[in-house]
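As structure tokens, the structure follows; a few thoughts come after it.
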Amino acid sequence: MSICPYFGSSAKVWDEIDWIFGIEEVGFSGWEVCADGNYHFSRPDSYNSVIETLASTSLKVTVHAPYGDLNPAAINEPIWKETVHQISECIRKAAPITDRVTIHPGYLSCTGKLVPDKIWQLQKDALREFGKVAQEYGVTACIENMPNIPDFLCQYPEEILGLIEDIEGIGLTIDFGHANTLGKVDAFRKYLDHASHIHIHDNHGKSDEHLPLGAGTINWKRLSKDLLDHYSGVVVVEGRSIEEAKRSFDLIRGWGP
């Protein structure tokens, strides 16, 4: 098995795009574009800036779909429809540059809590729509496990796998930083063979801090061995700065059989 390290930063969605040149300088193979803020694919200027800037690098790409103000489990129908529209459009726009798009699941609103079965059905209906678009454009749309934030769906492996098991075009992004906030790193390790995509970052097991690898409580010696033994593909380091990206990259360089 072999892994290919990329870097992504949701903390930089409002920054000028030239920061990504540092990703290549550190040694990462690719960038996970968080398609929100200044990089939202719905705006031609933002999309073109991403495409043109990438063309001046050797970076490969994966994409994280927008999630600000969106909810694929929204009980408010116009919000649900707009969410499906924006994420579906992101998948279409991402297809020329990648075959992986990560999607956040939905969450329970105050009125949605009154009808949880309806909420789960709305989430599944949204995933079916994303899966259709993903198949049409040759992309795998990967739903991501969420951290310990109240009311978010998809925090446990069996929960996610049960949700997506019969939906074509949908895969799984395992985020081990998120899993650590729930004490579920070991639970998700068991399902590495189900993963289409991986996110890694560190924290102290209480909140989603997005620390460099080794700065929190995740056992990277054990997890890196599992990744190398049971997963092959892109692993995205998520972080807050290029300086912290380098700290994580230096740790990854020490991984091996």
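Be aware that the sequence shown starts at 1130, since it is given in the numbering used here, and climbs by one per residue.
Glycine residues also receive a C-beta, built at the ideal position from the N, C-alpha and C atoms.
field: DSSP-derived helix/strand/coil call for Thr1182
entry: To locate residue 1182, count along the sequence shown from 1; it is residue 53. Thr1182: helix per DSSP, three-state reduction.
- prompt: Would you call the segment 1237–1257 and the segment 1313–1326 in contact, with 3 or more CB pairs under 8 Å?
  reply: No: the two stretches stay apart, fewer than three of their Cβ pairs being nearer than 8 Å.
message: Measuring only the C-alpha atoms, how far is Asp1355 from Glu1373?
response: The sequence position of residue 1355 within the sequence shown is 226, counting from 1. The sequence position of residue 1373 within the sequence shown is 244, counting from 1. About 23 Å.
query: What are the start and end residues of the beta strand (DSSP E) that includes Glu1367?
result: Start at 1 with the first residue of the sequence shown, and residue 1367 comes out as number 238. Here the beta strand (DSSP E) through Glu1367 covers Gly1362 to Glu1367.
task: Let me know if Ile1289 comes out buried or exposed under the rule of 16 or more other beta-carbons within 10 Å of its beta-carbon.
output: As a first step, residue 1289 is located in the sequence shown; it is residue number 160 there, counting from the start. It is buried - the Cβ of Ile1289 has at least 16 other Cβ atoms within 10 Å.
- prompt: Is it right to say Ser1353 is buried, meaning 16 or more other beta carbons lie within 10 angstroms of its own, or is it exposed?
  reply: Indexing the sequence shown from 1 puts residue 1353 at position 224. By the neighbour-count rule (16 or more Cβ atoms within 10 Å), Ser1353 is buried.
- prompt: Are the Cβ atoms of Tyr1236 and Asn1200 separated by less than 8 Å?
  reply: The residue you call residue 1236 lines up with position 107 of the sequence shown. The residue you call residue 1200 lines up with position 71 of the sequence shown. Yes, they are a contact pair.
query: What separation, rounded to the nearest whole angstrom, lies between the Cα atoms of Arg1376 and Val1365?
result: Along the sequence shown, one-based indexing puts residue 1376 at 247. Along the sequence shown, one-based indexing puts residue 1365 at 236. If I take the Cα positions, the gap works out to 14 Å.
field: Ile1180 versus Leu1256: straight-line alpha-carbon distance, rounded
entry: Taking the first residue of the sequence shown as 1, we reach residue 1180 at position 51. Taking the first residue of the sequence shown as 1, we reach residue 1256 at position 127. Taking the straight line joining both Cα atoms gives about 27 Å.
message: Beta-carbon within less than 6 Å of Phe1170's beta-carbon, same chain only, minus the 5 sequence neighbours each way: which residues are those?
response: Looking up residue 1170 in the sequence shown gives position 41. If we look at Phe1170 and ignore the five residues flanking it on each side, its Cβ neighbours are Ala1164, Tyr1176, Cys1219 and Lys1222.
- prompt: Whose CA, out of Pro1225, Val1192 and His1233, lies closest to the CA of Thr1212?
  reply: Translated into positions along the sequence shown, residue 1212 becomes position 83. Answer by Cα proximity: His1233.
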